[in-house]
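Chains as they are written, first to last, in the working numbering: chain A, 488 to 704; chain B, 31 to 511.
Here it is, written out as structure tokens:
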């Protein structure tokens, strides 16, 4: 038997953020009474979702609400999310409800780490969100990555041109390079990690942010 | 690091299972050693023959009076127990054998209990006496300089070609692929002799890394070619290849890309093919040139051995034939890192002065059509003019020789014009003189002068692309230091 542990979204985001991957502002609501206090830190609209290591497909479970425009809606959303989670998986361990800033996106990307049985850790980069499985448009490099490797990974994607600017919009390619290097460092320093999925990483003008992340140890 | 010199330059070779029957591999091995003029002692071992191909034979290994450094085993696998007992006897008395090539198959690769037992008998006896083992299930080694050839391959290379030397050293995991690479090299307009050649088979002892490191240190090796199915420690393999690739190019054909192929590899040499996407990424990341076809593998190895690396990404197409010129341009354009440059004014003027009036230069940029009326000299002089242009890093020359052109004169004119250039202008030229047997003479003239010819523009583009990519990798690594 293989012993694995999946870090929940909040811990996963904190871990990748601590290495320098840009992550959307996220906090946990342990109690619905905290909503007003959180609203002073994270301006509306919000994204609210369940925080449970046992519920991986949060949207399917009815455990994501967006956009949440104000305190009243937030209170209702928190109740619904918790109820749906219990209905979806009665024995799921639930830490609370996540509150995250809403992030607009021009492109959804995936950044990640895998472990190959013959080569060890690899970093992946590609088209993210719902397109991951459909197009499998990803590039791959072995850890550790050099800056040159990270640039090559971006450039060899069929959609590479986008990162040099699209219809007058300019994206921060350097930020992507740095994020890939950050994941490489993270994997190098933590051999126990078997998988990291930063997906989607929402890219928009001026810079991107991860809105979901999973780390499997 | 393991010293593999004992395989490539032994003082003496014993062939256990040597035979006078020309249909048996034990006969061809002795024949190859004799024909290539191996200068050391050759000891055929056969209990029923007094001599094999005129060489005195011995009933067993232990009865050979002289010193034995390399043993080639070509006896049926079931006999391994007796042969190893006799080898042990010899080692206790003489202790002279340093290396063993086990050419026979039906060992561990069959994954049967008996096959595995045979393989461990072989390996245990050998390692007890510190003998390095290549195989089983392989064709052994060739060294074109020391005239060692333990293979049972008759590639049909004319004896006078044995003296041609190259810097290409090859490692093949499969014996039949090794055989075919040797035969395909032999079938080129001018036969290619590989510098060193080793077939790995089951890799019980000597493996990819041992041989890569041997070729890394070998001063006569300038290019390393690899056919591989799988290797258990991909990380160590790629780090070794990456270190070597900074000094010498490594050209790889790696199979087992899909599920069926990977399964076939597992039963062939017992290898785990691994994830192809990871291998592919690893090769790119560490500067290893991956090829898709055997033709490309051989073309690119030869090109890297003979030609300088292009100094930049500017490729000029000089064509005497519109159709193939277009075909070539189509293939060049697939690779965004290859540019087709406009010639300098002075070069364009020179070409206008020497080409037929119908010729078209730089339409489109990076492309000249010298037309079917071009003479041998016009081919040669226009090539020289373009090579002198500082904006050009390499040239693909295409010609479909019409009957009024002399094959001999064309080859000689191109060769002489090229060799007359100052060294800085002897940039890589990928010659496509088409087609088939008809143009063999011009191709031979160029190949004998150390230049490279290709069957069609597609092969030329692939080798040019491989070299540009490798040059780009080296430049980027240099920059990041």
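Yeah, the Cβ is synthetic: ideal placement off N, Cα and C, and Gly gets one too.
Restricting to Cα atoms, I'd like to know which of B/273, B/329, B/249 and B/420 is closest to residue 216 of chain B. On the second chain, position 186 is the one that residue 216 of chain B refers to. Considering only alpha carbons, the answer is B/329.
Measuring CB atoms only, is the segment 71-88 of chain B touching the segment 43-55 of chain B, in the sense that at least three cross pairs come out at less than 8 Å? Verdict: yes, contact present.
To which residues does DSSP link residue 67 of chain B through a beta bridge? In the second chain, the residue the question calls residue 67 of chain B occupies position 37. Looking at the DSSP output, residue 67 of chain B shares a beta bridge with no other residue.
Buried or exposed: residue 155 of chain B, going by 16 or more other Cβ atoms within 10 Å of its Cβ? In the second chain, residue 155 of chain B corresponds to position 125, counting from 1. Buried: at least 16 other Cβ atoms inside 10 Å.
Excluding sequence positions up to five away, which residues of its chain have a Cβ less than 7 Å from the Cβ of residue 231 of chain B? If you number the second chain from 1, residue 231 of chain B lands on position 201. Closer than 7 Å at the Cβ level, and outside the excluded window around residue 231 of chain B, lie 165, 166, 167, 168, 205 and 299.
Report the three-state DSSP secondary structure of residue 364 of chain B (helix, strand or coil). Your numbering for residue 364 of chain B matches position 334 in the second chain. DSSP places residue 364 of chain B in coil when its eight states are reduced to three.
Note down the Cα distance separating residue 114 of chain B from residue 603 of chain A, rounded to an integer number of angstroms. One-based indexing of the second chain puts residue 114 of chain B at position 84. One-based indexing of the first chain puts residue 603 of chain A at position 116. One C-alpha to the other measures close to 39 Å.
Using a Cβ-Cβ distance cut-off of 8 Å, determine whether residue 515 of chain B contacts chain A. With chain B covering 31 to 511 only, the question about residue 515 of chain B has no answer from this structure.
Check whether the Cβ atoms of residue 614 of chain A and residue 308 of chain B sit closer than 8 Å, and answer yes or no. Position 127 of the first chain, counted from the first residue, corresponds to residue 614 of chain A. Position 278 of the second chain, counted from the first residue, corresponds to residue 308 of chain B. Cβ distance not < 8 Å, so residue 614 of chain A and residue 308 of chain B don't count as in contact.
Would you please verify whether the beta carbon of residue 423 of chain B is less than 8 Å from any beta carbon of chain A? By 1-based counting over the second chain, the position of residue 423 of chain B is 393. With 8 Å as the cut-off, residue 423 of chain B does not count as an interface residue toward chain A.
By the criterion of Cβ-Cβ separation under 8 Å, what are the contact partners of residue 467 of chain A in chain B? In the structure as shown, chain A begins at 488 and stops at 704. Residue 467 of chain A is therefore absent and cannot be evaluated.
Return yes when the Cβ of residue 128 of chain B is within less than 8 Å of the Cβ of residue 100 of chain B, no when it is not. On the second chain, residue 100 of chain B is found 70 positions in, with the first residue counted as 1. On the second chain, residue 128 of chain B is found 98 positions in, with the first residue counted as 1. Going by C-beta atoms, residue 100 of chain B is nearer than 8 Å to residue 128 of chain B.
Beta-bridge pairing of residue 97 of chain B - partner residues as DSSP gives them: As a working mapping, residue 97 of chain B is identified with position 67 in the second chain. Answer by DSSP bridge pairing: none, since residue 97 of chain B is not bridged.
Kindly list the residues whose CB is nearer than 6 Å to the CB of residue 349 of chain B, restricted to its own chain and excluding five residues on each side of it in sequence; keep chain order. Residue mapping note: residue 349 of chain B aligns to position 319 of the second chain, counting from 1. Taken in chain order, the residues that qualify are 355, 399 and 428.
Unbroken beta strand (DSSP E) run spanning residue 629 of chain A, endpoints: For the purposes of this step, residue 629 of chain A is identified with residue 142 of the first chain, where counting begins at 1. DSSP places residue 629 of chain A in the uninterrupted beta strand (DSSP E) bounded by 625-629.
Any beta strand (DSSP E) of 3 or more consecutive residues that is wholly inside the segment 205-238 of chain B: Those beta strand (DSSP E) runs which fall completely within the segment 205-238 of chain B and span 3+ residues are 226-229.
Out of B/352, B/139, B/453 and B/274, point me to the one whose CA is closest to residue 338 of chain B's CA. Position 308 of the second chain, counted from the start, is the residue given in the question as residue 338 of chain B. Considering only alpha carbons, the answer is B/453.
State the Cα-Cα distance for the pair residue 44 of chain B and residue 153 of chain B, rounded to the nearest angstrom. Counted from its first residue, the second chain places residue 44 of chain B at position 14. Counted from its first residue, the second chain places residue 153 of chain B at position 123. Straight-line Cα distance between these residues: approximately 18 Å.
Boundaries (first-last residue) of the beta strand (DSSP E) holding residue 512 of chain B: Residue 512 of chain B is absent from the structure shown; chain B starts at 31 and stops at 511.
Please work out which residues of its chain come closer than 8 Å, Cβ to Cβ, to residue 188 of chain B, disregarding the five sequence neighbours upstream and downstream, and give them in chain order. By 1-based counting over the second chain, the position of residue 188 of chain B is 158. Cβ within range, chain order: 221.
Is it buried or exposed, residue 31 of chain B, if we count other Cβ atoms within 10 angstroms and call 16 or more buried? For the purposes of this step, residue 31 of chain B is identified with residue 1 of the second chain, where counting begins at 1. Unreliable placement is indicated for residue 31 of chain B, whose pLDDT of 39 sits below 50; no coordinate value is reported for it.
Within 10 Å of its beta-carbon, does residue 174 of chain B have 16 or more other beta-carbons around it, so buried, or fewer, so exposed? Looking up residue 174 of chain B in the second chain gives position 144. Label assigned to residue 174 of chain B: buried.
Give the residues of chain B in contact with residue 628 of chain A, contact being defined as C-beta atoms less than 9 Å apart. Mapped onto the first chain, residue 628 of chain A falls at position 141. Think of a sphere of 9 Å around the beta carbon of residue 628 of chain A: the chain B residues whose beta carbon falls inside it are 311, 312, 314 and 315, in chain order.
For residue 349 of chain B, the first and last residue of its enclosing beta strand (DSSP E): As a working note, residue 349 of chain B is residue 319 in the second chain. That run of the beta strand (DSSP E) goes 345-349.
Between residue 561 of chain A and residue 595 of chain A, what straight-line distance do the alpha-carbon atoms span, to the nearest angstrom? Mapped onto the first chain, residue 561 of chain A falls at position 74. Mapped onto the first chain, residue 595 of chain A falls at position 108. Answer to the nearest angstrom: the Cα atoms are 26 Å apart.
Using only the alpha-carbon positions, how far apart do residue 661 of chain A and residue 634 of chain A sit? Here residue 661 of chain A refers to the residue found at position 174 when the first chain is read from its first residue. Here residue 634 of chain A refers to the residue found at position 147 when the first chain is read from its first residue. Straight-line Cα distance between these residues: approximately 10 Å.
Is it true that the CB of residue 630 of chain A sits closer than 8 Å to the CB of residue 657 of chain A? Your numbering for residue 657 of chain A matches position 170 in the first chain. Your numbering for residue 630 of chain A matches position 143 in the first chain. With contacts defined as CB atoms closer than 8 Å, residue 657 of chain A and residue 630 of chain A fail to qualify as a contacting pair.
Where the beta strand (DSSP E) through residue 686 of chain A begins and ends: Working through the first chain from its first residue, we reach residue 686 of chain A at position 199. Run containing residue 686 of chain A: 682-691, per the beta strand (DSSP E) assignment.
Opposing strand residues paired with residue 202 of chain B [DSSP bridges]: Taking the second chain and counting its residues from 1, the one referred to as residue 202 of chain B is at position 172. Note: residue 202 of chain B sits in a beta bridge opposite B/229 and B/257.
When you check each C-beta in the segment 603-625 of chain A against every C-beta of chain B, which residues fall closer than 7 Å? Of all residues in the segment 603-625 of chain A, only 603, 605, 606, 607 and 609 come within less than 7 Å of chain B when Cβ atoms are compared, listed by chain position.
Just tell me which of B/259, B/358, B/421 and B/487 has its CA closest to the CA of residue 237 of chain B. Taking the second chain and counting its residues from 1, one reaches residue 237 of chain B at position 207. Residue 237 of chain B has its Cα closest to that of B/259, out of B/259, B/358, B/421 and B/487.
Quick one: list the residues of chain A neighbouring residue 264 of chain B, beta-carbon separation under 8 Å, in chain order. On the second chain, position 234 is the one that residue 264 of chain B refers to. Per Cβ cutoff of 8 Å: 603, 605 and 606.
Quick one: residues in its chain with C-beta nearer than 7 Å to the C-beta of residue 518 of chain A, no 5 flanking neighbours on either side, listed in chain order? Position 31 of the first chain, counted from the first residue, corresponds to residue 518 of chain A. Contacts found: none.
Under a CB-based cut-off of 8 Å, is residue 506 of chain B close to chain A? Here residue 506 of chain B refers to the residue found at position 476 of the second chain. Among the CB atoms of chain A, one or more fall inside 8 Å of the CB of residue 506 of chain B.
Unbroken beta strand (DSSP E) run spanning residue 23 of chain B, endpoints: Lying before the first or after the last residue shown, residue 23 of chain B is absent from chain B, which here runs from 31 to 511.
Same chain, Cβ closer than 7 Å to residue 69 of chain B, five either side skipped, listed in chain order: Here the question's residue 69 of chain B lines up with position 39 in the second chain. In the same chain as residue 69 of chain B, and ignoring 5 residues on each side of it, the C-beta atoms closer than 7 Å to its own belong to 177, in chain order.
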